[in-house]
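Chemist:
There are 2 protein chains.
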Amino acid sequence: MNKEKQKKLEEKGWKIGTPKEFLGLTNEEVSYIELKLKLSANLKKVRTERKLTQVELAKIIKSSQSRVAKLETGDPSVSLDLIIRSLLALGTSKKDIARTISS
Amino acid sequence: MNKEKQKKLEEKGWKIGTPKEFLGLTNEEVSYIELKLKLSANLKKVRTERKLTQVELAKIIKSSQSRVAKLETGDPSVSLDLIIRSLLALGTSKKDIARTISS
DNA sequence: TGATAATATGTCAAATGTGACATATGTTTG
DNA sequence: CAAACATATGTCACATTTGACATATTATCA
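Keeping their order, the protein sequence lines are chains A and B. For the first sequence, this note's numbering begins at 363 and goes up steadily by one. For the second sequence, this note's numbering begins at 363 and goes up steadily by one.
#1: I think A/V430 touches A/L442, with their Cβ atoms under 8 Å apart; what is that distance to the nearest whole Å?
#2: How long is the line joining the alpha carbons of A/Q427 and B/S425, rounded to whole angstroms?
#3: Find the residues of chain A that neighbour B/R447, judging by a C-beta separation of less than 7 Å, and give them in chain order.
#4: Would you mind sorting B/K398 into buried or exposed? The rule is 16 or more other CB atoms within 10 Å of its CB.
#5: Let me know the secondary structure DSSP gives A/V392 once reduced to three states.
#6: Reducing DSSP to helix, strand and coil, say where A/A460 ends up.
#7: My output table needs one value for A/I445: the three-state DSSP class, helix, strand or coil.
#8: Strictly below 7 Å CB to CB, what residues from chain A border B/S464?
#9: By alpha-carbon positions, which one of A/D458, A/S465, A/K457, A/R447 ends up nearest to B/V392?
#10: What did DSSP end up calling A/I422 once you bin it into helix, strand or coil?
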């Protein structure tokens with residue numbers, strides 16, 4: 363993991379903060395966060411490709427615009443579950459999800 | 363989705379029950395459950411390959427034996443998050459996780 | 001420009017997931 | 001066989017995630 367990546371994570375609000383705290387993240391934690399960010403980004407991509415607004419997607423997944431925004435910005439308060447269920451609700455195939463994960 | 367699959371899901375405790383309730387499951391819900399079951403099964407596979415007991419895995423992921431059991435039996439009370447974090451804690455690569463998902 | 005639509009951020013009560021415990025049910029081995 | 005070990009199931013207090021709301025910020029375009 364390099365500075366580039368750390369900066370990206372910090373920007374996203376994953377309070378890494380000081381180098382010490384940052385080093386406190388285990389490899390699993392980092393992988394897990396990266397996974398979520400990848401899928402979040404993919405969700406946004408899929409939604410925009412479908413020319414849907416966040417409000418429209420919210421209706422589809424029975425949630426709210428604000429939560430969709432959090433989903434797409436990789437807010438720490440959202441679970442992998444919700445990201446993946448949203449992707450599935452948009453018709454994303456397992457294969458596509460797998461592709462995103464290993465990309 | 364066929365009877366075979368429905369039976370498997372019912373066995374796992376995903377209270378589907380009556381045909382009506384069963385039909386109430388959307389495609390996304392079914393995909394989501396299948397995803398969890400696949401990853402659960404994979405977790406068990408990885409753990410046993412590593413010759414670890416549930417108690418040992420529990421220690422690694424800072425959880426309890428009972429939760430590991432639930433993880434592996436695909437109990438509805440466990441999240442995708444925990445399954446995936448457990449896999450990552452066992453050193454499973456993103457590529458392997460992706461493979462499991464699209465299998 | 002400013003009005004309108006889209007997205008982002010903060011907050012919170014309610015819903016869902018969690019570790020831990022007790023205990024039941026296998027499974028192995030002496 | 002029975003003791004020891006491993007896994008499964010039920011329960012619950014506590015923690016995290018959730019949808020919803022208000023409101024702020026950022027596009028879009030007439």
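Even for Gly, the Cβ is constructed at its ideal location relative to N, Cα and C. Predicted model, so just to flag it, every value in this text is computed and none were measured.
Modeler: Reading it off the structure:
#1: The residue you call residue 430 of chain A lines up with position 68 of the first sequence. The residue you call residue 442 of chain A lines up with position 80 of the first sequence. 16 Å between Cβ atoms; not a contact.
#2: On the first sequence, residue 427 of chain A is found 65 positions in, with the first residue counted as 1. On the second sequence, residue 425 of chain B is found 63 positions in, with the first residue counted as 1. About 34 Å.
#3: The count along the second sequence starts at 1 and reaches residue 447 of chain B at position 85. What B/R447 touches in chain A: E390, Y394.
#4: Within the second sequence, numbered from 1, the residue matching residue 398 of chain B stands at position 36. Buried, by the Cβ-count rule.
#5: As a position in the first sequence, residue 392 of chain A is number 30, starting the count at 1. Three-state DSSP puts A/V392 in a helix.
#6: The residue you call residue 460 of chain A lines up with position 98 of the first sequence. Helix at A/A460.
#7: As a first step, residue 445 of chain A must be located in the first sequence, where it is residue number 83. The answer is helix: DSSP assigns A/I445 an H, G or I state.
#8: The sequence position of residue 464 of chain B within the second sequence is 102, counting from 1. Correct list: K456, K457, A460.
#9: Numbered from 1 along the second sequence, position 30 holds the residue referred to as residue 392 of chain B. Of the candidates A/D458, A/S465, A/K457, A/R447, the one whose C-alpha sits nearest the C-alpha of B/V392 is A/R447.
#10: Working through the first sequence from its first residue, we reach residue 422 of chain A at position 60. DSSP places A/I422 in helix when its eight states are reduced to three.
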